[in-house]
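Take a look at the structure below.
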Amino acid sequence: MSRLYILILPKGVGWCILAALGVVILLALYHNYPLGLHALSLLHQEIVYDVMLDAGHGGIDPGAIGAGELYEKDYVLDIVLQMAAILESRGLKVGLTRDSDRDVSHLVSEGTRHRRDLLGRFKLMNQAQVGMSVHANAAKDSSEAGAIVFFMKDSYLGERYAQLVLEELAKVQVLNERAPIPRSTLLLLKARPPVVLVEVGFMSNPADLAKLGDPQFRSALAQRLSQAILHFWEWRHAEKSELGPQPLQQP
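Residues 1 to 251 in this note's numbering are what the sequence shown lists, from first letter to last.
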């Protein structure tokens with residue numbers, strides 16, 4: 001006849017075991033979700049915006065630097081501000097991680113300035129239904145050129161979103177990669193809403209740098225990236241409404 005054994009532990013020991021198990025779980029998650037990021041992901045954050053736009057870098061961080069001391073942070077901010085105006089004119093509520101030459105490291109108290117800046121952007125990205133981070137690239141090989149779109153690996157929504165972005169970018173910019181690239185290491189892609197990170201060109205490539213220095217080209221990029229967001233917004237909300245945003249005019 002089998003016997004039933006019951007292990008009775010003092011209350012304090014039981015809590016210690018639970019705490020130890022919690023630490024083990026957090027360490028297991030650490031590879032994909034660093035502890036600071038994991039802690040932020042557990043916080044309740046109200047959805048405030050339809051779209052969150054992130055202009056990369058800012059403040060003391062110039063991002064990629066092109067010949068003649070031209071800074072990525074300035075070009076991508078101009079593109080994002082134009083995008084915000086376009087999307088707001090189409091009825092979407094738009095949030096910006098930055099609207100001037102600054103970073104957002106003040107939103108997080110722990111870590112290096114760079115780490116706090118990234119976590120601050122991640123925190124803001126979780127306040128929207130859709131996100132996009134806009135950057136310009138750089139490479140040792142000056143022949144590298146064109147746009148690249150990254151999305152969260154194994155995310156169906158992210159891949160669909162990234163494909164729409166790439167299709168719109170191809171109308172105004174050459175593509176460095178013909179398909180969106182999945183990544184699991186880019187922090188902003190780990191946010192709860194679908195997020196893509198867009199590299200609009202290479203600051204280290206003379207042709208791309210000349211394009212980015214042209215206000216008309218930056219406006220064309222803003223139009224196409226905005227249209228991609230509108231396409232994704234319409235596709236994602238198709239079951240809720242038969243009327244979606246109308247296409248923007250071609251630049």
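Glycine included, every Cβ here is placed at the ideal spot set by N, Cα and C.
- [ ] Label Q216 either buried or exposed according to how many other C-beta atoms from any shown protein chain fall within 10 Å of its C-beta, with 16 as the threshold for buried.
- [x] Taking a 10 Å sphere around the C-beta of Q216, we find fewer than 16 other C-beta atoms and assign the residue as exposed.
Considering only C-alpha positions, which residue in the set V196, S143, K171, L124 is nearest to K153? V196
Taking its Cβ as the centre, do 16 or more other Cβ atoms sit within 10 Å of G69, making it buried, or is it exposed?
It is Glu, not Gly, that sits at residue 69 in the sequence shown. The residue in question, E69, is exposed, as its Cβ has fewer than 16 Cβ neighbours within 10 Å.
#### Entry: 8 angstroms contact criterion, which G303 and L209 should meet: CB distance rounded
Residue 303 falls outside the range modelled here, since the chain spans only 1 to 251, and no answer is possible.
*On the three-state DSSP scale, how would you describe H57?*
It is coil, neither helix nor strand.
Please report the straight-line C-alpha distance between M83 and A170, rounded to a whole angstrom.
17 angstroms
| said: Quick check: D78 and D101, are their CB atoms within less than 9 angstroms of each other? | reply: no
### Query
Taking three-plus beta-carbon pairs below 8 angstroms as touching, is the region 222-238 in contact with the region 178-191?
By the Cβ rule, the region 222-238 does not count as touching the region 178-191, because fewer than three pairs are nearer than 8 angstroms.
So, is I47 buried or exposed, given that buried needs 16 or more other C-beta atoms within 10 angstroms?
exposed
Which class does S204 belong to by DSSP, given the choice of helix, strand or coil?
-> coil
| message | Pull the bridge partners of G95 from the DSSP assignment, please. | response | M52
Notebook entry, point to check: Hey, which unbroken runs of the alpha helix (DSSP H) at 4 residues or more fall wholly within the region 145-221?
Noted result: Annotation note: the region 145-221 contains the following uninterrupted alpha helix (DSSP H) runs of length 4 or greater, listed N- to C-terminal: 156-169, 206-212.
For the beta strand (DSSP E) that V108 lies in, which residues bound it at each end?
-> Premise fails: V108 is in no beta strand (DSSP E) and is neither H nor E.
Mark H237 as exposed unless 16 or more other C-beta atoms lie within 10 angstroms of its C-beta, in which case mark it buried. exposed
Cβ-heavy atom distance, K171 to the ligand ZN, below 8 angstroms: As for the ligand ZN, it is missing from this structure, which has no ligand bound.
Taking the alpha helix (DSSP H) that A128 falls in, what are its first and last residues?
For A128, there is no enclosing alpha helix (DSSP H); the residue is found in the beta strand (DSSP E) stretching over 128-137.
Alpha-carbon to alpha-carbon, G146 and L175:
C-alpha of L175 to C-alpha of G146: approximately 5 angstroms in a straight line.
- Query: With DSSP run on the structure shown, which of helix, strand or coil describes W235?
  - Reply: Correct three-state label for W235: helix.
- First and last residue of the alpha helix (DSSP H) that includes I79? According to the DSSP assignment, I79 belongs to the alpha helix (DSSP H) that extends over 72-89.
| So who's on the other strand from I65, going by DSSP bridges? | Paired residue(s): Y71.
Three-state class that DSSP yields for D141 in the structure shown: D141: coil per DSSP, three-state reduction.
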